[in-house]
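If you want the numbering used here, it's the 1-based position in the sequence shown plus 1. We put the CB at the ideal spot given by N, CA and C, even for glycine. Have a look at the structure below, then the notes.
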Amino acid sequence: MASARWSCVRQGQDRRGKKGARVAPFVRVECRRMKSLRGILWVLVLAGLGMSGILTLSAVLGGQRAELAVQKSFDAKDLTADILPPPLYLIELRLLLSQALDGTVALDKARSEFQRLDKEYKERVAYWQAHPPYGLEQQLLGAQHKAGQQFLQVAGQMLDELAAGHAEQARQQLPQAQTLYVEHRRGVDATVSAATALAEHSIADYEQTLAWVSRLRWAVMLAAALLLVLLGAWAKRTVWAATGGEPRAAAAIAQAVARGDLSRPVRVRAGDQSSVLSAMAQMCAGLSALVSSVRASSDSIATGSSQIAVGNADLSQRTELQAGHLQQTSAAVLSLAEAVQQNAQSAAQATARAQAATEVAGRGAALVGEVILTMNAMARGAKQVSELTSLIDGIAFQTNILALNAAVEAARAGERGRGFAVVADEVRQLAQRAAAASKDIGAVIRASNSQIEQGAGLAQATGSTMDEIVAEVRQVAGLIGEITSASQAQEQDIARVSQAIHHIDASTQQNAALVEESAAAAQSLSQQAQQLVSTVSVFALARV
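The following block contains the structure:
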């Protein structure tokens, strides 16, 4: 009860906002409910008694109506049995046999009627075999049924004889049919007597059960009424004991708490630890301690949130300044990256040109080598020409000597050697001219050999120089390649540094945004803490 009342008061405080005066009507309603609790309990008792009486009366009237309905059902069945012959009683078949023998019924009609009666008999026998009657199985399906089956068999034979035109033989079977019918009739009478006795006994049992149920209902009604009275008295005593005093005192304390006044003392009986007033005293003490703690915590939160707001504002400014520096650094790194990239491109171009120069120098060195080979071949050719010239000079010399000898011999021969002397003279002149030309060619060849030797020396020196140039160009190309690789590595490193600075810039921007949000949240927290302090200040606490 105490927890329920405190829950109501707390819900009222949740609805009231900052002012507690709005809860007073709700508390007064609770007080009126406490005052009217006794009246409600008595109303419940009277309502329970009235409902119990109504139920009992309706049960009695229902039992009487059920008894009347059962009696009507039995009367209707008796009336039907008095008017219509049942299928299991073969009296109609006996009458049909007499009419068939007397000729008052056509034979075809008699046979169709026999078939109908036989079908109905068998259907009812099958029904009662599937649904045995209560204790009447022997009477219904015993000797009576056996005699009825035999009677049906003899009746069928008699109709067959009549159909064959043997009326006399059919009449001779009539005494046997009569005997079976009488035996069947005795069984039917015995069965009817047993069924009537069973019905009367069932009706008597039903009436006794109905009377017992009626008495039981009255007893239950009285017990319920007594229980309701005892329950009302116990509820009254329990409610007053649970309250712990006047309901007005509890209502006044609840109204004071609703107004925020926690300084009002609550008087509790000695040893009372479970009543509403005791619970309210504990509630006021706990609420006072809670409000005091909330006040202290609210002040601390307000102070701390103000400091956090100031620190976050300072941090936001420094973060924005750092973000600006990072943007400048990022721009400088980007410029440096562009310069390094341009240097890498220039180094790559220089490397390509150095490689082209190396190839050109290589081709020049190859050409100089070929020139050297050609010059050497020319020098060898000049020596061979010189040798041939020397050989021609020797031949000319010998020819001249031979011409002189021929002239001497011609002179010795006289007239007969005169023509030979002329030829010899011509030969000597030709030898002299050949020797002179050979000398001139030798001089030219010697001069040419000297120039060829000088050209060969120069070509060899040029080839050595070209080899040195090729080696130097290759070294320069290697150095330029290393510079290119270093420039590319620097470009990649600068790209990574630029990317890292970009990430740091993004993170700094995010941090700046978060710092601004944190500053706004701290400012909001400070405002809420101030509002909480002003809200808690509504409560008036007892002075210690």
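Kindly indicate the opening and closing residues of the alpha helix (DSSP H) around leucine 96.
As a first step, residue 96 is located in the sequence shown; it is residue number 95 there, counting from the start. Under the DSSP assignment, leucine 96 falls in the alpha helix (DSSP H) whose first and last residues are 92-103.
Between which two residues does the alpha helix (DSSP H) harbouring arginine 117 extend?
Start at 1 with the first residue of the sequence shown, and residue 117 comes out as number 116. Arginine 117 -> alpha helix (DSSP H) spans 108-131.
Taking DSSP as the reference, what is the three-state secondary structure of serine 465?
Position 464 of the sequence shown, counted from the start, is the residue given in the question as residue 465. The answer is helix: DSSP assigns serine 465 an H, G or I state.
Assign alanine 490 to one of two classes, buried (16 or more other C-beta atoms within 10 Å of its C-beta) or exposed (fewer than that).
Within the sequence shown, the letter at position 489 stands for residue 490. The residue in question, alanine 490, is exposed, as its Cβ has fewer than 16 Cβ neighbours within 10 Å.
Nearest by alpha-carbon distance to alanine 111: which of Ile55, Glu93, Glu184 is it?
Position 110 of the sequence shown, counted from the start, is the residue given in the question as residue 111. Taking only the C-alpha atoms, the option nearest alanine 111 is Glu93.
So, using beta-carbon positions, are arginine 434 and alanine 404 closer together than 7 Å?
As a working note, residue 434 is residue 433 in the sequence shown. As a working note, residue 404 is residue 403 in the sequence shown. It is not a contact, given that the beta carbons lie outside the stated cut-off.
Tell me whether the stretch 466-473 and the stretch 399-417 touch, counting them as touching only if at least three CB pairs, one residue from each stretch, are closer than 8 Å.
Contact between the stretch 466-473 and the stretch 399-417 is absent, because fewer than three Cβ pairs lie under 8 Å.
Can you tell which of Leu526, Gly51, Ile55, Leu47 has its C-alpha closest to the C-alpha of aspartate 300?
Counting from 1 along the sequence shown, the entry for residue 300 is found at position 299. Looking at the Cα atoms, Leu526 is the closest of the given residues.
Own chain, CB closer than 7 Å to glutamate 114, minus 5 neighbours either side, in chain order:
Within the sequence shown, residue 114 is the residue found at index 113, counting from 1. Closer than 7 Å at Cβ, skipping near neighbours: Leu97.
Rounded separation between alanine 523 and glutamine 532 - CA only:
Taking the first residue of the sequence shown as position 1, residue 523 is located at position 522. Taking the first residue of the sequence shown as position 1, residue 532 is located at position 531. The straight-line gap from Cα to Cα measures roughly 14 Å.
From glutamine 342 to leucine 335, what does the alpha carbon distance come to, in whole angstroms?
To locate residue 342, count along the sequence shown from 1; it is residue 341. To locate residue 335, count along the sequence shown from 1; it is residue 334. Each residue's Cα considered, the two are about 10 Å apart.
Assuming the contact rule is C-beta atoms closer than 8 Å, threonine 485 and alanine 345 should be a hit. Round their C-beta distance to whole Å, please.
Indexing the sequence shown from 1 puts residue 485 at position 484. Indexing the sequence shown from 1 puts residue 345 at position 344. The beta carbons of threonine 485 and alanine 345 sit about 6 Å from each other, so the pair counts as a contact at 8 Å.
Just the Cα atoms here: how many angstroms apart are tryptophan 129 and histidine 146?
Counted from its first residue, the sequence shown places residue 129 at position 128. Counted from its first residue, the sequence shown places residue 146 at position 145. Distance between the alpha carbons of tryptophan 129 and histidine 146: 11 Å.
On the premise that alanine 444 lies in contact with phenylalanine 398, defined as a C-beta separation below 8 Å, what is that separation, rounded to the nearest angstrom?
Locating residue 398 in the sequence shown gives position 397, where the first residue counts as 1. Locating residue 444 in the sequence shown gives position 443, where the first residue counts as 1. That pair is no contact at about 17 Å.
Going by the beta-carbon positions, is the gap between leucine 108 and phenylalanine 152 smaller than 7 Å?
Within the sequence shown, numbered from 1, the residue matching residue 108 stands at position 107. Within the sequence shown, numbered from 1, the residue matching residue 152 stands at position 151. It is not a contact, given that the beta carbons lie outside the stated cut-off.
Starting from glutamate 169, follow the alpha helix (DSSP H) in both directions and report where the run begins and ends.
Position 168 of the sequence shown holds residue 169. Looking at the DSSP string, the run of the alpha helix (DSSP H) that includes glutamate 169 is 168-173.
Looking only at C-alpha atoms, which of Gly104, Ala257, Ala478, Gln283 sits nearest to alanine 357?
For the purposes of this step, residue 357 is taken as residue 356 along the sequence shown, with counting starting at 1. Closest option to alanine 357, Cα to Cα, is Ala478.
Would you give the residue range spanned by the alpha helix (DSSP H) that glycine 149 belongs to?
In the sequence shown, the residue the question calls residue 149 occupies position 148. 144-165 is the extent of the alpha helix (DSSP H) around glycine 149.
Between the beta-carbon of glutamine 174 and the beta-carbon of methionine 159, is there less than 7 Å?
Locating residue 174 in the sequence shown gives position 173, where the first residue counts as 1. Locating residue 159 in the sequence shown gives position 158, where the first residue counts as 1. Yes.
How would you call glutamine 528, buried or exposed, if buried means at least 16 neighbouring beta carbons within 10 angstroms?
Working through the sequence shown from its first residue, we reach residue 528 at position 527. So glutamine 528 ends up on the exposed side.
Assuming glutamate 184 contacts alanine 148 under a Cβ cut-off of 8 Å, what Cβ separation, rounded to an integer in Å, is found between them?
As a working note, residue 184 is residue 183 in the sequence shown. As a working note, residue 148 is residue 147 in the sequence shown. Glutamate 184 to alanine 148, Cβ: 4 Å. Contact.
Presumed contact (8 Å Cβ cut-off) between isoleucine 446 and alanine 383, rounded CB distance:
Counted from its first residue, the sequence shown places residue 446 at position 445. Counted from its first residue, the sequence shown places residue 383 at position 382. So it is a contact: roughly 6 Å between Cβ atoms.
Keeping to the same chain, check which residues put their C-beta closer than 8 Å to that of alanine 496; ignore five residues upstream and five downstream.
What you label residue 496 is simply residue 495 of the sequence shown in a count that begins at 1. Excluding sequence neighbours, alanine 496 sits near Ala338.
Residue from Val311, Ala144, Ala438, His132 whose Cα sits closest to the Cα of aspartate 190:
Here the question's residue 190 lines up with position 189 in the sequence shown. Considering only alpha carbons, the answer is Ala144.
Whole angstroms is fine: what's the gap from glutamine 510's alpha carbon to glutamate 321's?
As a working mapping, residue 510 is identified with position 509 in the sequence shown. As a working mapping, residue 321 is identified with position 320 in the sequence shown. Answer to the nearest angstrom: the Cα atoms are 8 Å apart.
Compare the Cα-Cα distances from alanine 422 to each of Tyr122, Asn401, Ser439 and report the closest residue.
Numbered from 1 along the sequence shown, position 421 holds the residue referred to as residue 422. If we check each option's Cα against that of alanine 422, Asn401 comes out closest.
Does alanine 82 come out as helix, strand or coil in the three-state DSSP assignment?
The count along the sequence shown starts at 1 and reaches residue 82 at position 81. Caution is warranted here: a pLDDT of 48 is assigned to alanine 82, below 50, making its placement in the model unreliable, and no coordinate value can be reported.
Could you tell me the distance, in whole angstroms, from the CA atom of alanine 448 to the CA atom of methionine 467?
As a first step, residue 448 must be located in the sequence shown, where it is residue number 447. As a first step, residue 467 must be located in the sequence shown, where it is residue number 466. Cα to Cα, alanine 448 sits roughly 28 Å from methionine 467.
Straight-line CA distance for serine 535 to arginine 260?
Sequence index remark: in the sequence shown, residue 535 carries index 534 (1-based). Sequence index remark: in the sequence shown, residue 260 carries index 259 (1-based). Each residue's alpha carbon lies about 15 Å from the other.
State yes or no: is the C-beta of alanine 324 within less than 7 Å of the C-beta of alanine 513?
What you label residue 324 is simply residue 323 of the sequence shown in a count that begins at 1. What you label residue 513 is simply residue 512 of the sequence shown in a count that begins at 1. It is a contact, given that the beta carbons lie within the stated cut-off.
Rounded to the nearest angstrom, what separates arginine 364 and methionine 376 at their Cα positions?
Taking the first residue of the sequence shown as position 1, residue 364 is located at position 363. Taking the first residue of the sequence shown as position 1, residue 376 is located at position 375. If you take the alpha carbons of arginine 364 and methionine 376, they lie about 18 Å apart.
Tell me whether the beta-carbon of histidine 162 lies closer than 7 Å to the beta-carbon of alanine 156.
As a first step, residue 162 is located in the sequence shown; it is residue number 161 there, counting from the start. As a first step, residue 156 is located in the sequence shown; it is residue number 155 there, counting from the start. Strictly speaking, residue 162 in this sequence is glutamate, with histidine absent from that position. Their beta carbons are not under 7 Å apart, which means glutamate 162 does not touch alanine 156 by this criterion.
Inter-residue CB distance, glycine 370 and glycine 464 (contact presumed, cutoff 8 Å)
Along the sequence shown, one-based indexing puts residue 370 at 369. Along the sequence shown, one-based indexing puts residue 464 at 463. Between glycine 464 and glycine 370 the Cβ distance is about 6 Å, and since that is below 8 Å, they are a contact.
Does the Cβ-Cβ distance between glutamine 461 and isoleucine 393 come in under 7 Å?
Within the sequence shown, numbered from 1, the residue matching residue 461 stands at position 460. Within the sequence shown, numbered from 1, the residue matching residue 393 stands at position 392. In this structure, isoleucine 393 does not lie closer than 7 Å to glutamine 461 by Cβ.
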